[in-house]
Structure formats: structure tokens, C-alpha cells
Amino acid sequence: MIPVTKPFLPSEKEFKSYTKSIWERQWLTNNGPLVNTLELKLKEYLGLDHLLFVSNGTVALQLAIKALDLKGEIITTPFSFVATTSSIVWQGCKPVFVDIDPETFNIDASKIEAAITPQTSAILATHVYGNPCDIEAIQRIAGKHNLKVIYDAAHCFGTRYKNKSIFAYGDISTVSFHSTKLFHTIEGGAVITTDPDILKKLALMRNFGYSGVDTFSEQGINAKNCEFHAAMGLCNLGHIDDILKKRRYLSEQYRLRLKKLDVQFQKLENPEDFNYAYFPVLFETEELMHESKANLELAQIYSRRYFYPSLSALPYVDNVIMPVCDSIAKRIICLPLYHTLTISDLDLICRILLRSQNFGEKQMARAKQIGVLIAEQLKSKIKSAAVKTNGIL
Ligand SMILES: *Cc1c(COP(=O)(O)O)cnc(C)c1O
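Note that the UniProt record's numbering numbers the sequence shown so that position 69 is 69, with each residue one more than the last.
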């Protein structure tokens with residue numbers, strides 16, 4: 001069986017080398033030393049001044065919306081994981097969808113301004129599959145209309161943009177460290193901002209709003225993470241360069257082998273600074289996608305419709321038609337991609353996809369052939385009938 005993803009796992013021995021100290025200290029959560037070390041090491045690795053480790057990527061988004069005190073409408077993308085939209089609604093704001101770019105799959109910045117109303121307070125965009133949005137254009141629009149910008153950078157660990165970590169952009173960036181993500185802490189996430197006031201607010205909000213032993217200066221929630229998750233993060237951070245390298249290699253192999261497949265790959269902002277977190281392929285039609293997906297499943301290979309459906313079709317938002325996103329969401333799948341995926345498995349996946357396309361083409365050709373045959377037979381039958389009836393037919 002080949003799943004669409006497998007979490008990276010360090011050896012048990014390595015994990016225990018960190019958790020051993022937890023037993024010694026008996027300090028399990030509440031800003032413990034492993035959480036602190038992980039935050040420091042992440043900042044160092046990513047080249048960031050600040051980063052707050054939180055319990056997951058969804059709560060990171062909720063904190064971001066709350067810390068920026070957003071109200072009214074938030075312009076967002078319909079092509080993302082459900083948490084991008086649900087967080088907006090959860091915080092009492094209204095998502096206003098703007099369609100996506102057909103090549104990068106990110107929010108189409110050229111369509112944002114038309115969606116701005118006096119109620120708009122922010123833009124919440126996802127760097128889809130780790131591929132940076134049109135950050136400059138979004139910043140320009142936000143500046144002009146006095147809007148905040150949040151980036152859902154859940155997929156982006158390791159992606160860089162203009163020589164900086166992608167997390168350094170926007171008023172706040174959020175990331176997920178869930179097990180299925182490229183870098184994970186089992187469950188976890190982070191919020192990143194360069195604004196010291198927002199940072200302070202976020203730090204208080206993460207821990208019930210505690211500003212002293214018995215004092216609360218903010219309305220807070222429990223969004224903190226714990227020593228065990230930090231231990232997993234510290235282990236995984238030691239392997240991250242290897243993980244990134246392997247994904248890049250596997251993605252290149254996919255692209256090479258699937259050159260002749262009639263699919264569209266994501267247009268990358270900058271392949272050199274990209275993290276290759278997923279391997280999406282966009283088929284020409286939904287039928288072709290289903291056919292290929294089913295053929296893979298016959299061999300116990302599992303791809304995933306990611307993202308489907310379009311978030312503008314969720315039952316708790318105003319449903320709007322997003323022509324580009326609606327069409328792409330129906331035709332796209334992510335192929336298996338994980339650290340331990342072997343080249344022979346990747347080969348098999350590619351062969352099945354190519355075969356299923358060839359088979360489809362052969363069937364079409366055969367159907368055409370049969371059609372021609374039937375047509376000819378009919379023609380000759382008509383002809384002979386015409387002869388028999390002396391042309392009166
Ligand atoms: C995974 C993901 C999230 C949510 O992160 P969790 O850590 O699972 O809560 C949010 N947005 C996107 C785009 C994601 O892929």
C-alpha cells in the first residue's frame with residue numbers, strides 16, 4: 001500500500017534522548033525548556049526574530065484574526081484547507097472569496113480590489129502547497145486600502161521568498177506542524193509577526209491572557225503547546241535538510257517521468273526556494289482525474305483530492321461561483337509524496353498514470369474505429385437497399 005503521505009518519524013532512541021529529560025524534570029507543559037529550545041532553534045533555522053509555538057495551525061489562524069482585532073469582511077481564497085475559511089467564520093467575520101490564479105493556484109491578486117468594500121478589514125491568503133502568493137501585489141493593495149494581511153503559510157516550512165523565510169511576510173503568518181506537514185511536532189503550529197505589539201498580544205493570548213501570577217491583561221485562550229511535542233520537533237528539525245532535499249528530488253523525478261502525461265503542474269514562484277511539500281497534478285477533466293485515481297487505487301496507491309471541494313461551497317458561507325477554483329478543485333489530486341517513498345514506488349505510480357492515459361487514448365481510438373466501421377456498414381447497407389429499391393428510399 002502506498003499512502004498519499006506518511007509522517008516523518010525519528011528513531012525511538014532519538015525521541016527518548018529528549019523525553020528522558022522530561023521525566024527528570026517532571027515539567028510537562030507551560031513554557032517548559034524543550035518548548036523554549038524548539039522556539040529558539042526554529043527562529044535560528046528560519047532566520048526569524050520571533051516565533052510563537054502553539055497547539056496547532058488552526059488555532060494559530062484564530063489567534064491571528066483575534067490579535068489583529070479584525071471585524072466585518074475578510075478577503076480570502078476558496079482554494080485552501082477548510083481551516084482557512086472556518087477560522088474566519090469562527091471569529092465572527094465574513095469570508096469574501098476571490099478567485100484563484102489558474103497557474104499558481106493562489107489567490108488572484110488582480111481580482112482583490114474589486115472585492116473590497118467599506119467592511120473589509122483584511123486579506124487572508126494561503127500560499128498554496130507552499131508556493132508564495134503574489135506578496136508584493138497583495139502588500140500594495142493592503143497598504144492602499146489600509147487592510148491587514150494574514151498568510152496561512154501552513155504548507156510553507158522551508159520555503160523562502162526574496163532571501164527570507166516566507167513566514168516573515170504579512171502582518172502575521174501562521175504555520176501548521178501537524179503530522180502530515182513537512183516539518184511536524186505531531187500536533188502543533190506557530191504564529192509569526194515582526195510587530196512587537198502584536199507579538200506581545202499573541203504571547204498573552206496563547207496562555208489565557210496571563211500577564212502575571214494572578215493578572216490577566218488580555219482575553220486569552222489555551223493555545224500553548226507541550227514538552228512532548230517540542231521533543232518531536234527538536235528531533236525532526238535535525239532531519240529537516242534531509243527531508244527537504246528528498247522531497248525536491250522526488251518531485252523532480254515525478255516531473256521528469258510525467259512529462260508525457262496530459263496534466264498541468266503548479267507554476268512555481270521560484271523553484272530554487274520552494275519546499276516541495278506536495279505533488280499536485282491537474283487533469284484536463286474531472287473524468288480523467290477519477291479514472292487515474294481509480295487506476296492507482298486498484299494497485300493500492302492512494303492519491304488525495306486536495307483541496308476539494310472549493311471552500312466557497314461550504315454550507316456555512318455565502319455560496320458564490322468561483323469559475324477558476326471550482327474547475328481546478330474538481331480536477332486536481334496530490335500524488336504520494338513522503339520522505340520514505342522509494343523511486344521504484346514512484347516509478348510504479350508514474351507508469352500507472354501513463355498507462356491509464358494511453359489506455360484512455362486507445363479506447364478513444366478504438367471507439368472511433370468502431371464508429372467508422374459501423375458508419376461504413378450502414379452506408380453500404382443503405383447503398384444496397386438503394387440498389388434494391390431502385391434509388392427510391
Ligand atoms: C493543515 C492546514 C491548516 C490547519 O493546521 P492544523 O495544524 O491541522 O490545525 C490550516 N491551513 C492549511 C492550508 C492547512 O493545510
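Idealized CB from N, CA, C, for every residue including glycine.
Please report how far the alpha carbon of residue i lies from the alpha carbon of residue j, in whole angstroms.
i: Q264; j: A277; result: 17 Å
i: I328; j: P78; result: 11 Å
i: L335; j: R305; result: 9 Å
i: D101; j: P323; result: 11 Å
i: A375; j: T76; result: 53 Å
i: F359; j: S292; result: 11 Å
i: I370; j: K362; result: 12 Å
i: I301; j: K267; result: 25 Å
i: L48; j: A168; result: 7 Å
i: G209; j: D273; result: 37 Å
i: G238; j: L9; result: 12 Å
i: L250; j: H339; result: 9 Å
i: I198; j: V191; result: 10 Å
i: N146; j: M205; result: 24 Å
Ligand 1 and residue i: does any heavy atom of the ligand fall closer than 7 Å to the residue's C-beta?
i: D99; result: no
i: N225; result: no
i: D152; result: yes
i: S303; result: no
i: H178; result: yes
i: S80; result: yes
i: H239; result: no
i: H155; result: yes
i: N236; result: no
i: A83; result: yes
i: T126; result: yes
i: G158; result: no
Measuring CB to CB, does residue i end up less than 8 Å from residue j?
i: H184; j: N236; result: yes
i: E187; j: T120; result: no
i: N275; j: C156; result: yes
i: N131; j: N106; result: yes
i: T84; j: H127; result: no
i: I332; j: P271; result: no
i: W90; j: Q62; result: yes
i: A60; j: T180; result: no
i: I150; j: I172; result: yes
i: E284; j: D262; result: yes
i: K224; j: L354; result: no
i: F307; j: F81; result: yes
i: K148; j: L68; result: yes
i: T104; j: E252; result: no
i: T5; j: L348; result: no
i: V54; j: G189; result: yes
i: L182; j: D152; result: no
i: L34; j: L234; result: yes
i: L52; j: L202; result: yes
i: C350; j: Y254; result: yes
For residue i, which three-state DSSP category applies?
i: C334; result: strand
i: K148; result: strand
i: K267; result: coil
i: Y254; result: helix
i: S176; result: strand
i: G143; result: helix
i: R25; result: helix
i: S217; result: coil
i: L314; result: coil
i: N222; result: strand
i: K94; result: strand
i: Y210; result: strand
i: R366; result: helix
i: R160; result: strand
i: I123; result: strand
i: R305; result: coil
Does residue i come within less than 8 Å of chain C when only Cβ atoms are used?
i: E44; result: Looking at the structure shown, chain C is missing, and only one protein chain is on hand.
Kindly examine ligand 2 and report whether one of its heavy atoms sits closer than 7 Å to the Cβ of residue i.
i: A367; result: No copy of ligand 2 appears in this structure; the ligands present are ligand 1.
Three or more C-beta pairs closer than 8 Å, one from the region 236–249 and one from the region 131–145: is that the case here?
-> Contact fails: fewer than three Cβ-Cβ distances are below 8 Å.
Validate contact between the region 11–31 and the region 221–228 using beta carbons, cut 8 Å, 3 pairs | Taking a cut-off of 8 Å for Cβ pairs, the region 11–31 and the region 221–228 touch, as three or more such pairs fall below it.
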